[in-house]
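In my numbering, the protein residues as written are 19 to 380. Every residue, glycine too, gets a C-beta built ideally from N, C-alpha and C.
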């Protein structure tokens, strides 16, 4: 294990498309979505624990989730949990972690990952990461992991790669273009072309390289953190973070840096990845009965129903009759019944619930 390897886990989202199971007080990264006995953030931490020492992890999350992180990840200390006072997308989140790492180890190599992804082939994934860390050591290189598309997915961003791999790295290609969430016909063209890969949102780079990129493309964000560098790791850190965070531009690392830089590369692979962004993505990776129903709940009875996802408490008897291609999810105070093809509407539904019924339901 290399002491220069650091892992930044981004865990501040609310997972609104997983409502009503995922709610503001306990979003999906802190839930056992997969029924494994471990939450998504616990699985994420364990995934990287063989590459990064425990003291080299940082979790960037909303201030409301500090206790959840510490409860679920007992191997990390309080000063490894970075608290965002408000959500400002991924660029400020990464900038904050960069400066914390800079004070500890200017020679760091960093893996940045969301807290809520699924990796089925972890052995292959770790091999990709090890080679990726090696790749970024020489020169000014920013690396993202690209996934070979298995279907024309409209919910993911795509990366187009050059037709020639990097010398000595047969699966690493320079980036040509980024495309955000295409419509279905374009997604079909992307899949058929063989030039486009899903953007996993998992990144690898040296600290010095990403800091140079912030200097060039997002200097205002970097300067805000540079100004309080001497306050980090002191009792004044949080108060100064609370002051500067609202001043940070609300922008993703993809838009802010990766789409502008000429030093971005993609490691093209397939290791059973899903961002678990929707109930549909969970359905794809859940065991099914003979009628292709994915069921979580000990007392579910289905009649004349096919291709449904049902997720209900174990102590609740739920009987479903005559549904095809539906999502049925119940929690303590909410019940969702929604066509699977309309799952992208759940985010709008959550907003409507908040406005008309109050925050207690979201």
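The residue among 194, 245, 241 and 218 with its C-alpha nearest the C-alpha of residue 278 is 194. For residue 197, the enclosing beta strand (DSSP E) stretches over residues 190 to 197. About 6 angstroms separates the Cβ atoms of residue 167 and residue 216, confirming a contact at the 8 angstroms cut-off.
When secondary structure is reduced to three states using DSSP, residue 63 falls in the helix class.
Runs of the beta strand (DSSP E) lying entirely within the stretch 296 to 333, each at least 3 residues long, are 312 to 314, 318 to 321 and 327 to 329 in chain order. Assignment of residue 254 by DSSP, reduced to helix, strand and coil, places it in the coil class. Going by C-alpha positions, residue 66 is about 23 angstroms away from residue 304.
Annotation for residue 122: the continuous alpha helix (DSSP H) segment containing it runs 108 to 122. The residue from 136, 263, 94 and 117 with its alpha-carbon nearest to that of residue 52 is 136.
The Cβ atoms of residue 115 and residue 87 do not sit closer than 8 angstroms to each other.
With fewer than 16 other CB atoms across the displayed protein chains lying within 10 angstroms of its CB, residue 321 is exposed.
In the DSSP assignment, residue 348 falls within the unbroken beta strand (DSSP E) covering 344 to 348.
Residue environment analysis places residue 146 among the buried positions, since at least 16 neighbouring C-beta atoms fall within 10 angstroms of its C-beta. Residue state for residue 271 is assigned as helix, using DSSP reduced to three classes. In the three-state scheme derived from DSSP, where H, G and I count as helix and E and B as strand, residue 132 is classed as strand.
The DSSP-derived three-state label of residue 217 is strand. Residue 154 and residue 203 have their C-alpha atoms some 35 angstroms from each other. In the DSSP annotation of this structure, the continuous segment of the beta strand (DSSP E) that includes residue 339 starts and ends at 336 to 339. A direct Cα-Cα distance of roughly 22 angstroms separates residue 207 from residue 183. With contacts defined by Cβ atoms closer than 8 angstroms, residue 173 and residue 199 form a contacting pair.
Bridge pairing for residue 127: 23 and 224 [DSSP]. For residue 56, same chain residues with a beta-carbon under 8 angstroms away, outside a window of 5 residues either side, are 50 and 64 in chain order.
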